[in-house]
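*Asks:*
2 protein chains.
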Amino acid sequence: MAGRPTMRDVAAAAGVSAMTVSRVVNGEAGVAPGTAARVEAAVRRLGYQRDDVARQLRRAGQLSQIIGLLVDDVAEPFMAAVASAAEDAARQRGSVLLIGSSHDDPGREREVIAAFTARRVDGLILVPVAGSHRFLRPAQARGTKVVCVDRAAPGLDTDTVVVDNFGAVRDAVRHLHAHGHRRIGYLGGRPELWTCGERHRGYRAALSAAGVADEPALVRLGLRTGPEAADAVTRLLAAPDPPTAVVAGNEVLASGALSALPSGVAFVGFDDLALPARPRPPVTVIAQDPAALAAGAARLLFARIHGDTSPPRTVVLPTRLIPRGSGEIPGPHGGGGAEPASE
Amino acid sequence: MAGRPTMRDVAAAAGVSAMTVSRVVNGEAGVAPGTAARVEAAVRRLGYQRDDVARQLRRAGQLSQIIGLLVDDVAEPFMAAVASAAEDAARQRGSVLLIGSSHDDPGREREVIAAFTARRVDGLILVPVAGSHRFLRPAQARGTKVVCVDRAAPGLDTDTVVVDNFGAVRDAVRHLHAHGHRRIGYLGGRPELWTCGERHRGYRAALSAAGVADEPALVRLGLRTGPEAADAVTRLLAAPDPPTAVVAGNEVLASGALSALPSGVAFVGFDDLALPARPRPPVTVIAQDPAALAAGAARLLFARIHGDTSPPRTVVLPTRLIPRGSGEIPGPHGGGGAEPASE
DNA sequence: CGACGGGCTGTTAACGATACCAATCAGAAG
DNA sequence: CTTCTGATTGGTATCGTTAACAGCCCGTCG
Chain A
2 MAGRPTMRDV
12 AAAAGVSAMT
22 VSRVVNGEAG
32 VAPGTAARVE
42 AAVRRLGYQR
52 DDVARQLRRA
62 GQLSQIIGLL
72 VDDVAEPFMA
82 AVASAAEDAA
92 RQRGSVLLIG
102 SSHDDPGRER
112 EVIAAFTARR
122 VDGLILVPVA
132 GSHRFLRPAQ
142 ARGTKVVCVD
152 RAAPGLDTDT
162 VVVDNFGAVR
172 DAVRHLHAHG
182 HRRIGYLGGR
192 PELWTCGERH
202 RGYRAALSAA
212 GVADEPALVR
222 LGLRTGPEAA
232 DAVTRLLAAP
242 DPPTAVVAGN
252 EVLASGALSA
262 LPSGVAFVGF
272 DDLALPARPR
282 PPVTVIAQDP
292 AALAAGAARL
302 LFARIHGDTS
312 PPRTVVLPTR
322 LIPRGSGEIP
332 GPHGGGGAEP
342 ASE
Chain B
2 MAGRPTMRDV
12 AAAAGVSAMT
22 VSRVVNGEAG
32 VAPGTAARVE
42 AAVRRLGYQR
52 DDVARQLRRA
62 GQLSQIIGLL
72 VDDVAEPFMA
82 AVASAAEDAA
92 RQRGSVLLIG
102 SSHDDPGRER
112 EVIAAFTARR
122 VDGLILVPVA
132 GSHRFLRPAQ
142 ARGTKVVCVD
152 RAAPGLDTDT
162 VVVDNFGAVR
172 DAVRHLHAHG
182 HRRIGYLGGR
192 PELWTCGERH
202 RGYRAALSAA
212 GVADEPALVR
222 LGLRTGPEAA
232 DAVTRLLAAP
242 DPPTAVVAGN
252 EVLASGALSA
262 LPSGVAFVGF
272 DDLALPARPR
282 PPVTVIAQDP
292 AALAAGAARL
302 LFARIHGDTS
312 PPRTVVLPTR
322 LIPRGSGEIP
332 GPHGGGGAEP
342 ASE
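As they're listed, the protein sequences go chains A and B.
With the numbering used here as the guide, the letters of the first sequence map in order to residues 2 to 344.
With the numbering used here as the guide, the letters of the second sequence map in order to residues 2 to 344.
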């Protein structure tokens, strides 16, 4: 009797069959009250708990009530908010959540996904790293549902929930333009990431819509860390004819850029999370809602798990430009004006 | 052939027995190279993946390679950092991580723990909420290992990894005293949480060691949110004979307090994470290392899982007081002086 | 009085994998 | 030619639970 007690142990202790114990443990009808009481007493006495591993095996084809979440790194505030909302959604539906961090490494992503699917997760919520995700096809064929969140996965035809990255940066640049800026710098992350591409595209679209030439000297892409962003800012501003405004393409870069930015330069950052302690002067940001992203992804995922077979959808959530001052510093070309055509 | 293929399917496809497939899939020796190649081809062709659920059942008594982490809320930066480090540690040891948030609710904590242990997690890393954890005894008796992190669990005899909360706040108050402050306010969280109790104890110990009377009017306990902390600060400073320095007992309160604090009042906050965008003026903080906490907890947990039966240990990690300016604002009693006896 | 129905309980056989042991076969040794 | 060894491979039982079905008992109805 060393290990954990089984239904047979309980059955023996209560003088019934394992089947009856199963019925009592699962609250099924059709057990005499007296018998149920005896079984419950035995359960408590032995400290019995149903073994969901065996249960899941026997009920193959049913759901495992486990879902997996794969993010870059849970330690990032944005990803942590996603994880928290995903866990909430899972729990509400009676599932538990496995979590893994890819750390931007495709190999690691594959490993974690394999470990998850081997445990028969009902579905995966995925923040895909760069690169093809063709390798997911077999898992999908075996029945694992997949939803991408925050980024689209190139070469994978799945439900996807993202924010309007393109529009967000386009609007931010337009905002700066409306405040009189013409030379607007841009700090972007790794261009092979889908979000970074979209955001950069938004930057260029706004410039071209405003009739401003896209000047490569004002753009730094492929930045990864805060210090890299700080360095990039310093170089941008040291160049001849420097930008009068800067946009940072993600929260890490925003945070790093701020530390190197003189107070006269206008600034808009992406993401509102890393800045809860409202630095002074306050920073204008493009805010996204990670909890809404995760909730949307979970909604789509559970719909699939429960049999939805409609064609994959892409849900695009809005962002919000929150003016707090740093983005409203007037530029040299008639700044301080209102937005051109508000939306 | 609708569902996922099994070893039998692969065996049939490769013209061998299930046993041989098992050996190939698990990389065991003693299979002829030609046979192994045939099996591997069949595996790829059918998209077979080993079912770890069935595997775990058959190998009962072995490890499930799943561990569970229960935190207040993964969205908090501190907890997110703990989760990230825990996931790293688990992965390094070939395990996956289930995560759950208790949201400070004992009922929810129990539910999540039950869901985890029913899936036969090898162990739990627990940030215990307030209240008794006696209910964990049966799970421990069934073999689930438990390690507490960040907080001790009252009434539970387990390994525990915490920081020196008492000493941290004591030193912070001593630091303020050394800079000439005598009236030092304190903002504390819910006193039923172990950490909050320890920190408040540290506050009082420092005052009493310095021969300063503990004045209840300078202390606000039971605060939960940033706005509550901001409000508390405002009231403290509006009172007659207000404090010249304030200590905040956790990161949420620190962040809230800062938003309401005039620049002349000295300030030390707990925890360095919510303030990555270095507010100006920079804030002196008591920094803890959540990754080290989680790594320590994982180390103890896996030692238990692998058979360590020595008596439970409590590991206390140090904190670091990082002077950044706000805590060095001189007070009215000969401020600016050095620490009395540095340590 | 016998059959019948409903409430309760038990029996058997899986789910998919693996531990354990037995069988087969080639070539070597005697 | 027989026996033996070692390398390969297969058969069987089993992990803990539950689906499906079979039985039992008692009261009731024709």
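C-beta atoms are modelled at their ideal positions from N, C-alpha and C, and glycine is treated no differently.
Output needed in chain order: residues of the segment 139-165 of chain A with a Cβ under 8 Å from some Cβ in chain B.
*Replies:* Listed by position along the chain: PRO139, ALA140, ALA142, ARG143, GLY144.
*Asks:* Taking buried to mean at least 16 other C-beta atoms within 10 Å of its own C-beta, is VAL174/A buried or exposed?
*Replies:* On the first sequence, residue 174/A is found 173 positions in, with the first residue counted as 1. VAL174/A comes out buried.
*Asks:* Mark MET20/B as exposed unless 16 or more other C-beta atoms lie within 10 angstroms of its C-beta, in which case mark it buried.
*Replies:* Taking the second sequence and counting its residues from 1, one reaches residue 20/B at position 19. Exposed, by the Cβ-count rule.
*Asks:* With a CB to CB cut of under 6 Å and the five nearest residues on each side skipped, what residues in its chain are close to VAL220/A?
*Replies:* What you label residue 220/A is simply residue 219 of the first sequence in a count that begins at 1. Excluding positions up to five away in sequence, the list reads TYR187.
*Asks:* Please report the residue range of the beta strand (DSSP E) in which ASP160/A lies.
*Replies:* Taking the first sequence and counting its residues from 1, the one referred to as residue 160/A is at position 159. Element bounds for ASP160/A: 160-164.
*Asks:* Does ILE100/B come within less than 8 Å of chain A when only Cβ atoms are used?
*Replies:* By one-based count along the second sequence, residue 100/B stands at place 99. Yes, ILE100/B lies at the interface with chain A (some Cβ there is under 8 Å from its Cβ).
*Asks:* For PRO277/B, would you say it is in contact with chain A, using Cβ-to-Cβ distances shorter than 8 Å as the test?
*Replies:* Counting from 1 along the second sequence, the entry for residue 277/B is found at position 276. Confidence at PRO277/B is low in this model, with a pLDDT of 48, below 50, so the placement of that residue is unreliable and no value is reported for it.
*Asks:* Measure the C-alpha to C-alpha separation of ALA178/A and ALA153/A and round it to an integer number of angstroms.
*Replies:* Position 177 of the first sequence, counted from the start, is the residue given in the question as residue 178/A. Position 152 of the first sequence, counted from the start, is the residue given in the question as residue 153/A. A small correction: the amino acid at residue 178/A is His; Ala does not occupy that position in the sequence shown. Using only the alpha carbons, I get a separation of about 29 Å.
*Asks:* Have a look at the DSSP bridge pairing and note the partners of ALA42/B.
*Replies:* Numbered from its first residue, the second sequence carries residue 42/B at position 41. Bridge partners of ALA42/B: none, in fact.
*Asks:* What is the residue span of the alpha helix (DSSP H) that SER256/B lies within?
*Replies:* Residue 256/B sits at position 255 when you count from the first residue of the second sequence. Its alpha helix (DSSP H) spans residues 252-261.
*Asks:* Buried or exposed, going by whether 16 or more other CB atoms sit within 10 Å of the CB of VAL54/B?
*Replies:* Residue mapping note: residue 54/B aligns to position 53 of the second sequence, counting from 1. Label assigned to VAL54/B: buried.
*Asks:* State the CB to CB distance for the pair VAL317/B and VAL163/B, rounded to an integer number of angstroms; the pair is presumed to be in contact (CB under 8 Å).
*Replies:* Locating residue 317/B in the second sequence gives position 316, counting from the first residue. Locating residue 163/B in the second sequence gives position 162, counting from the first residue. Their Cβ separation, rounded to whole angstroms, is 6 Å, which keeps VAL317/B and VAL163/B in contact under 8 Å.
*Asks:* Report all residues from its chain with a CB closer than 7 Å to the CB of VAL11/A; omit the five preceding and five following residues, and keep chain order.
*Replies:* On the first sequence, residue 11/A is found 10 positions in, with the first residue counted as 1. Correct list, in chain order: VAL22, VAL40, ALA43, VAL44, LEU47, TYR49.
*Asks:* Near ILE330/A, which residues of its chain fall below 6 Å by C-beta distance, leaving aside the five closest residues on each side in sequence?
*Replies:* The residue you call residue 330/A lines up with position 329 of the first sequence. Closer than 6 Å at the Cβ level, and outside the excluded window around ILE330/A, lie ALA267.
*Asks:* Are the Cβ atoms of ASP105/A and VAL128/A separated by less than 8 Å?
*Replies:* Translated into the one-based positions of the first sequence, residue 105/A becomes position 104. Translated into the one-based positions of the first sequence, residue 128/A becomes position 127. No, they are not a contact pair.
*Asks:* Measure the C-alpha to C-alpha separation of GLN57/A and GLN141/A and round it to an integer number of angstroms.
*Replies:* Here residue 57/A corresponds to residue number 56 of the first sequence, with the count starting at 1. Here residue 141/A corresponds to residue number 140 of the first sequence, with the count starting at 1. Cα to Cα, GLN57/A sits roughly 19 Å from GLN141/A.
*Asks:* Taking contact to mean 3 or more Cβ pairs, one atom from each stretch, closer than 8 Å, check whether the segment 227-234 of chain A and the segment 245-264 of chain A are in contact.
*Replies:* Cβ pair count under 8 Å is three or more, so yes.
*Asks:* Quick one: is ARG171/B buried, meaning 16 or more other Cβ sit within 10 Å of its Cβ, or exposed?
*Replies:* Residue 171/B sits at position 170 when you count from the first residue of the second sequence. So ARG171/B ends up on the buried side.
*Asks:* Return helix, strand or coil for ARG315/B, following the three-state DSSP convention.
*Replies:* On the second sequence, position 314 is the one that residue 315/B refers to. Note on identity: in this sequence residue 315/B is Thr, with Arg being the wrong assignment. Looking at THR315/B - three-state DSSP - the assignment turns out to be strand.
*Asks:* With 8 Å as the C-beta to C-beta threshold (strictly closer), list the residues of the segment 52-63 of chain B near chain A in chain order.
*Replies:* Of all residues in the segment 52-63 of chain B, ASP52, ASP53, VAL54, ALA55, GLN57, LEU58, ALA61, GLY62 have a Cβ within less than 8 Å of some Cβ in chain A.
*Asks:* When burial is assigned at 16 or more other CB atoms within 10 Å of the CB, is ASN27/A buried or exposed?
*Replies:* The residue given as residue 27/A occupies position 26 in the first sequence. So ASN27/A counts as exposed.
*Asks:* If you draw a straight line from the C-alpha of PHE303/A to the C-alpha of THR310/A, how long is it?
*Replies:* Counted from its first residue, the first sequence places residue 303/A at position 302. Counted from its first residue, the first sequence places residue 310/A at position 309. Going by the C-alpha atoms only, they are around 12 Å apart.
*Asks:* Would the segment 93-102 of chain A count as touching the segment 31-40 of chain A if we require 3 or more Cβ pairs under 8 Å?
*Replies:* With a cut-off of 8 Å, the segment 31-40 of chain A and the segment 93-102 of chain A do not count as touching, because too few Cβ pairs lie within range.
*Asks:* For VAL122/B, which residues of its own chain have a beta-carbon under 8 Å away from its beta-carbon, when the five flanking residues on both sides are left out?
*Replies:* Your numbering for residue 122/B matches position 121 in the second sequence. Cβ within range, chain order: SER65, ILE67, ILE68, GLY69, LEU99, THR145.
*Asks:* Suppose the cutoff is 7 Å on Cβ atoms and the five residues either side in sequence are ignored; what does the same chain contact list for GLU199/A look like?
*Replies:* Stepping through the first sequence from its first residue, residue 199/A is reached at position 198. Answer for GLU199/A: ASN166, PHE167, listed in chain order.
*Asks:* Compare the C-beta of SER85/B against all C-beta atoms of chain A and say whether one is closer than 8 Å.
*Replies:* Taking the first residue of the second sequence as 1, we reach residue 85/B at position 84. With 8 Å as the cut-off, SER85/B counts as an interface residue toward chain A.
*Asks:* Please report the residue range of the alpha helix (DSSP H) in which PHE117/B lies.
*Replies:* In the second sequence, the residue the question calls residue 117/B occupies position 116. Element bounds for PHE117/B: 107-119.
*Asks:* Of all the residues that make up the segment 188-217 of chain B, which are near chain A by a beta-carbon distance shorter than 8 Å?
*Replies:* If the cut-off is 8 Å between Cβ atoms, the segment 188-217 of chain B has nothing near chain A.
*Asks:* Return helix, strand or coil for THR145/A, following the three-state DSSP convention.
*Replies:* Translated into the one-based positions of the first sequence, residue 145/A becomes position 144. In the structure shown, THR145/A sits in coil (DSSP, three-state: anything other than H, G, I, E or B).
*Asks:* Roughly how many angstroms lie between the CA atoms of PRO34/B and SER18/B, to the nearest whole one?
*Replies:* On the second sequence, position 33 is the one that residue 34/B refers to. On the second sequence, position 17 is the one that residue 18/B refers to. C-alpha separation (whole angstroms): 16 Å.
*Asks:* What residues from chain B crowd round GLN1/A, counting only those whose CB sits closer than 7 Å?
*Replies:* Shown here, chain A extends from 2 to 344; a query on residue 1/A therefore has no answer.
*Asks:* Beta-carbon of ALA342/B versus every beta-carbon of chain A: anything under 8 Å?
*Replies:* Counted from its first residue, the second sequence places residue 342/B at position 341. Note that ALA342/B scores a pLDDT of 40, beneath 50, so its modelled location is shaky and nothing firm can be said.
*Asks:* Give the C-beta separation of GLY189/B and LEU137/B to the nearest angstrom, bearing in mind that I take them to be a contact with Cβ-Cβ under 8 Å.
*Replies:* Your numbering for residue 189/B matches position 188 in the second sequence. Your numbering for residue 137/B matches position 136 in the second sequence. Not a contact, Cβ separation roughly 27 Å.
*Asks:* Taking the alpha-carbon of GLY332/B as reference, which of PRO243/B, ARG305/B, PRO312/B has the nearest alpha-carbon?
*Replies:* The residue given as residue 332/B occupies position 331 in the second sequence. Looking at the Cα atoms, PRO243/B is the closest of the given residues.
*Asks:* Which residues in chain A sit within 7 Å of PHE303/B, going by Cβ to Cβ distance?
*Replies:* As a first step, residue 303/B must be located in the second sequence, where it is residue number 302. The contacting residues do not exist; PHE303/B stays about 17 Å from chain A at best.
*Asks:* Considering only the alpha carbon of each residue, which of LEU208/B, PRO282/B, CYS197/B lies closest to GLY328/B?
*Replies:* Residue 328/B sits at position 327 when you count from the first residue of the second sequence. Residue PRO282/B is the option with its Cα nearest to GLY328/B.
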